[in-house]
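S.K.:
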Ligand code: SAH
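In my numbering, the protein residues as written are 5 to 242.
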């Protein structure tokens, strides 16, 4: 089954962008996912193809018009299309790996990329848009946020990652940050690889990695841990 993304944007040339490369790019070529762009400006009706106007109540910047955006959404997502309609927005629920997994298990998504000061509130309500944030900072437009969201989704689609195993061990997948990684050479600038990793004892390696994950998470992201997480025998890596 192909995951079908429809991206509503004033800058369709920004897609697939980075998603046309590497794993996501090859998956796109194979047809594991599809990336359709819809130019919001095509749905403006006046001679100047106006998509925005000044904010009601005054203030700086411009606001994307509800009527124009709604026509673009109705075109991309006609009645019967059950894909979730997402609006990239700093006011949205912060994106996390569990929402990414949920989206990746569906048939696709409509991604609306805001610009200017944002979009008219009435189209958010009238077209049932779910606001999704990629973090507590302000971007100049939703395109980079949509690219982030799609990258996270596409790598989870069946067949996209060469080694299906590696997906399950990433940071956040088990509620923890990932343990440190090493590779050859065995010694670099006087720094060696922790001996346990080259011991060949898989049980010990797994235990070391779990302890490292726990201690890293406790130090850097205590918010990810619930109060009952074990802390005995943790061994700091740095
Ligand atoms: N005035 C708005 C910000 C507008 S930024 C506010 O203060 O909330 C312009 C557009 O960039 C937004 O409509 C949104 O689509 C996108 N954007 C900016 N920051 C984002 C973020 N952290 N996550 C997702 N989208 C974002």
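Ideal Cβ placement from N, Cα and C applies to all residues, glycine included.
Please read all numbers here as calculations on a predicted model, not as lab measurements.
What does residue 157 pair with, by DSSP beta-bridge criteria?
M.R.: Per DSSP, none; premise fails for residue 157.
S.K.: Would you mind reading off the limits of the beta strand (DSSP E) that contains residue 214?
M.R.: Segment 206–224 is the alpha helix (DSSP H) holding residue 214; no beta strand (DSSP E) there.
S.K.: Grab me the residues of residue 160's own chain with a C-beta within less than 6 Å of its C-beta, minus the 5 sequence neighbours each way, in chain order.
M.R.: Excluding sequence neighbours, residue 160 sits near 108.
S.K.: Per DSSP, what kind of secondary structure is residue 244 in: helix, strand or coil?
M.R.: The shown model of the chain, from 5 to 242, leaves out residue 244, and the question about it has no answer.
S.K.: Roughly how many angstroms separate the alpha carbons of residue 120 and residue 38, rounded to a whole number?
M.R.: Between residue 120 and residue 38, the C-alpha separation is close to 27 Å.
S.K.: Would you say the stretch 110–128 touches the stretch 141–154, given that touching needs at least three Cβ pairs under 8 Å?
M.R.: yes
S.K.: Where does residue 18 fall in DSSP's three states?
M.R.: In the structure shown, residue 18 sits in a helix (DSSP, three-state: H, G or I).
S.K.: With H, G and I counted as helix, E and B as strand and the rest as coil, what does DSSP make of residue 116?
M.R.: strand
S.K.: Could you check whether the Cβ of residue 28 sits closer than 8 Å to any heavy atom belonging to the ligand SAH?
M.R.: no
S.K.: Roughly how many whole angstroms lie between the Cα atoms of residue 93 and residue 200?
M.R.: 45 Å
S.K.: Cα-Cα, which of 192, 79 and 156 is closest to residue 10?
M.R.: Restricting attention to 192, 79 and 156, the CA atom closest to the CA of residue 10 is found in 79.
S.K.: Quick one: is the Cβ of residue 149 within less than 8 Å of any heavy atom of the ligand SAH?
M.R.: yes
S.K.: Can you tell me the Cα-Cα spacing of residue 131 and residue 32, whole angstroms?
M.R.: 28 Å
S.K.: From the DSSP output, in three-state form, read off residue 229 for me.
M.R.: Looking at residue 229 - three-state DSSP - the assignment turns out to be coil, as it is neither helix nor strand.
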